[in-house]
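**Q** Sharing a structure here in structure tokens format.
In this note's numbering, the protein residues as written are 144 to 273.
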């Protein structure tokens, strides 16, 4: 008798958990469709941004009109741009630690790193999975 009662309690608890998850998915989807960014939604719901992004990714929720990731390949021009930006990051990373380094080597390193990060962000916004 107690096992069947325990099973009923466990089933009710799992149903409640599923209902909460569905409600959270719908809430996040509504905010995302309204144009809210992930940090804004995380602040409203008082959850961690990384947790929100992971949860949204697993449930195919996209922020700020971001296209879903596709298996689209990079064009030859984008491949060359990525190669150049990566080379710049590596070059300035080595250059800034040399004893006779350029005064702006550290700044150039951070600028190159930012350019590479922006390149990846543009590709992801366009829906290209890198």
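Cβ coordinates follow ideal geometry from the N, Cα and C atoms, glycine included.
1) Could you spell out where the alpha helix (DSSP H) holding residue 231 opens and where it closes?
2) Please confirm if the stretch 226-236 is in contact with the stretch 246-261, defined as three or more CB-CB distances below 8 Å between the two stretches.
3) Pull up the CB-CB distance for residue 221 and residue 259, whole angstroms please, since I reckon it's below 8 Å.
4) What is the C-beta distance between residue 248 and residue 204, in whole angstroms, given that I count them as a contact (C-beta under 8 Å)?
5) Taking the C-alpha atoms as reference points, what is the distance between residue 192 and residue 243?
6) How many Å lie between residue 184 and residue 219 at the Cα?
7) Taking 7 Å as the limit between beta carbons, can you name the residues of its chain near residue 168, skipping five residues before and five after?
8) In terms of alpha-carbon separation, which member of 246, 224 and 251 lies closest to residue 263?
9) I need the DSSP call for residue 177, collapsed to helix, strand or coil.
10) In the structure shown, what three-state DSSP assignment does residue 144 receive?
11) Could you compute how far the alpha carbon of residue 251 sits from the alpha carbon of residue 163?
**A** Judging by the given coordinates:
1) Counting from one through the chain shown, the residue named residue 231 turns up at place 88. First-last of the alpha helix (DSSP H) with residue 231: 219-238.
2) Yes, since at least three Cβ pairs between the stretch 226-236 and the stretch 246-261 fall closer than 8 Å, the two stretches touch.
3) Residue mapping note: residue 221 aligns to position 78 of the chain shown, counting from 1. Residue mapping note: residue 259 aligns to position 116 of the chain shown, counting from 1. A Cβ-Cβ separation of about 13 Å leaves residue 221 out of contact with residue 259 under the 8 Å criterion.
4) Mapped onto the chain shown, residue 248 falls at position 105. Mapped onto the chain shown, residue 204 falls at position 61. Not really, about 42 Å apart at Cβ, beyond 8 Å.
5) Numbered from its first residue, the chain shown carries residue 192 at position 49. Numbered from its first residue, the chain shown carries residue 243 at position 100. When the Cα atoms are used, residue 192 and residue 243 turn out to be separated by approximately 42 Å.
6) Taking the first residue of the chain shown as position 1, residue 184 is located at position 41. Taking the first residue of the chain shown as position 1, residue 219 is located at position 76. Looking at the two C-alpha atoms, the distance is approximately 37 Å.
7) Walking along the chain shown from the start, residue 168 turns up at place 25. If we look at residue 168 and ignore the five residues flanking it on each side, its Cβ neighbours are 202.
8) Numbered from 1 along the chain shown, position 120 holds the residue referred to as residue 263. Looking at the Cα atoms, 224 is the closest of the given residues.
9) Stepping through the chain shown from its first residue, residue 177 is reached at position 34. Coil.
10) The residue given as residue 144 occupies position 1 in the chain shown. Caution applies to residue 144, whose pLDDT of 48 falls short of 50 and renders its modelled position unreliable; the model cannot decide the point.
11) Numbered from 1 along the chain shown, position 108 holds the residue referred to as residue 251. Numbered from 1 along the chain shown, position 20 holds the residue referred to as residue 163. The straight-line gap from Cα to Cα measures roughly 48 Å.
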